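Trainee: Taking numbering that gives the first Met the number 0, the leading residue of the sequence shown gets 0, the next gets one more, and so forth.
Quick one: this structure, given as structure tokens, is what I'll be asking you about.
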Amino acid sequence: MTKRSSTDKYLTRHRAHNYPRLIARWRAVAARAGLVMRPFASTGEYKLYTVRSRKLPHTGTFYISAGIHGDEPAAPEALITWAEKNTRLLRRQPLLLVPCLNPWGLVNNSRMDSQGRDLNRVFQNDSVAEIAALKRAMGARQFSLCLTLHEDYDGQGLYIYEIRGNRPYWGEALLKAARPHVPMDRRREIEGRDSANGLIRPVPDMALFEKIGLPEAAYLHLRGCQRVFTIETPSEYGLDRRVAAHIAIISECVRRAAILE
Ligand SMILES: [Zn+2]
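Structure follows, in structure tokens:
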């Protein structure tokens, strides 16, 4: 194995922020797996896409989104890499996938969008056009599994928000699946919330969201999904490890959800 040069590291970083390349990879996956790839909104020079199964039943669809915060590049990179490795699954499991919700942020390595908004705090109303369009793309479906993929610059390991819903909870098993790649974040408090062994199990606090704005995961829970997870990998770890951790969790979630059907 050769040692990586700093140029390689730069290219690796650059690759994960290349939106046209990301979309080209999704086009290839969609063609191979028989999925429908469609723009649902645009922002500045960028189109936003959903990639979905041809038939999306009213119940039993999985929803996975990435890239709502553009400075969290392992998330969109993981979702496309997982999809590229699982075309057979993509053919049979009803899916609504959102490759990247904030392309301007991805290209510019910014949490916020081009207008300085945190798109993960605006789901309470339809004031932001692309989020309103995303909600329309969801339709009235009852998702049976929702994953929103994120990263955290302050993360000291992997942690997961598992919104309280159906039991038994999966969080511990998801952390275990990712452990070969990224260990759990052992902080007792994360982002102002109690955390135990990398797990935060919030009951959505509507009073708080009225103040700070409604995140995507809480919105998905309020729509009725009983399995909503937000995955947070630590940005300080290498990109490949963070991508592998996300993929391990997506795979474990899909395996568990499929068993229950
Ligand atoms: Zn985030």
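All C-beta atoms, glycine included, are put in the ideal place defined by N, C-alpha and C.
Owing to the predicted nature of the structure, the values given are computational and were not obtained by experimental measurement.
Cβ of Gly59 within 8 Å of Cβ of Pro93?
Mentor: Yes, the Cβ-Cβ distance between Gly59 and Pro93 is below 8 Å.
Trainee: Find out if the Cβ-Cβ distance for the pair Trp81, Ile249 is shorter than 8 Å.
Mentor: Cβ atoms of Trp81 and Ile249: closer than 8 Å.
Trainee: Just how far apart, CA to CA, sit Ser234 and Glu76?
Mentor: If I take the Cα positions, the gap works out to 13 Å.
Trainee: Lys54 to Gly33, Cα distance in whole Å?
Mentor: The alpha-carbon atoms of Lys54 and Gly33 are separated by roughly 11 Å.
Trainee: Taking 7 Å as the cut-off, is the C-beta of Asn119 nearer than that to any heavy atom in ligand 1?
Mentor: Indeed, a heavy atom of ligand 1 lies less than 7 Å from the Cβ.
Trainee: What residues come near ligand 1, if near means a beta carbon less than 6 Å from any of its heavy atoms?
Mentor: For ligand 1, the selected residues are His68, Glu71 and His149.
Trainee: Report the CB separation of Val202 from Arg163 in whole angstroms; it is logged as a contact under 8 Å.
Mentor: Yes, Val202 and Arg163 are in contact; Cβ-Cβ is about 5 Å, under 8 Å.
Trainee: How long is the line joining the alpha carbons of Gln123 and Ala132, rounded to whole angstroms?
Mentor: Whole-angstrom Cα-Cα distance: 13 Å.
Trainee: Which ranges does the beta strand (DSSP E) cover as unbroken runs of at least 3 residues, wholly within the region 123-200, from first to last along the chain?
Mentor: If we require 3 residues or more, the beta strand (DSSP E) runs fully inside the region 123-200 come out as 141-151 and 158-161.
Trainee: To which residues does DSSP link Ser64 through a beta bridge?
Mentor: Bridge partners of Ser64: Val97 and Thr147.
Trainee: What do you get for Glu161, buried or exposed, if any count of 16 or more other CB atoms within 10 angstroms of its CB means buried?
Mentor: Answer is buried; the Cβ neighbour count reaches 16.
Trainee: Indicate the three-state DSSP secondary structure (helix, strand or coil) for Thr11 in the structure shown.
Mentor: Annotation note: pLDDT 49 at Thr11 (below 50); position unreliable, coordinate value reported separately. Here Thr11 sits in helix by DSSP.
Trainee: Which complete beta strand (DSSP E) runs does the region 26-65 hold, if anything under 3 residues is left out?
Mentor: Here the runs fully enclosed are 35-42, 45-51 and 58-65.
Trainee: Check this for me: beta carbons of Ala256 and Ser143, under 8 Å apart or not?
Mentor: Their beta carbons are under 8 Å apart, which means Ala256 touches Ser143 by this criterion.
Trainee: What is the DSSP secondary structure of Glu231, counted as helix, strand or coil?
Mentor: The answer is strand: DSSP assigns Glu231 an E or B state.
Trainee: Below 7 Å CB to CB, which residues in the same chain sit around Ser109 once its five sequence neighbours on both sides are set aside?
Mentor: Only Gly69 and Asp70 meet the Cβ criterion.
Trainee: Assuming Ala177 and Ala244 are in contact, meaning their beta carbons sit under 8 Å apart, how far apart are those beta carbons, in whole angstroms?
Mentor: That belief holds up - the Cβ atoms of Ala177 and Ala244 are roughly 4 Å apart, short of 8 Å.
Trainee: Within 10 Å of its beta-carbon, does Arg51 have 16 or more other beta-carbons around it, so buried, or fewer, so exposed?
Mentor: Label assigned to Arg51: buried.
Trainee: To the nearest angstrom, how far is the alpha carbon of Arg90 from that of Leu100?
Mentor: The straight-line gap from Cα to Cα measures roughly 23 Å.
Trainee: Only counting the same chain, and skipping five residues up and downstream in sequence, which positions put a Cβ closer than 6 Å to that of Cys224?
Mentor: For Cys224, where only same-chain residues beyond five positions count, the Cβ hits under 6 Å are Phe142 and Cys145.
Trainee: Leaving out five residues on either side along the sequence, give the residues of the same chain with a beta carbon under 7 Å from the beta carbon of Tyr152.
Mentor: Ser234.
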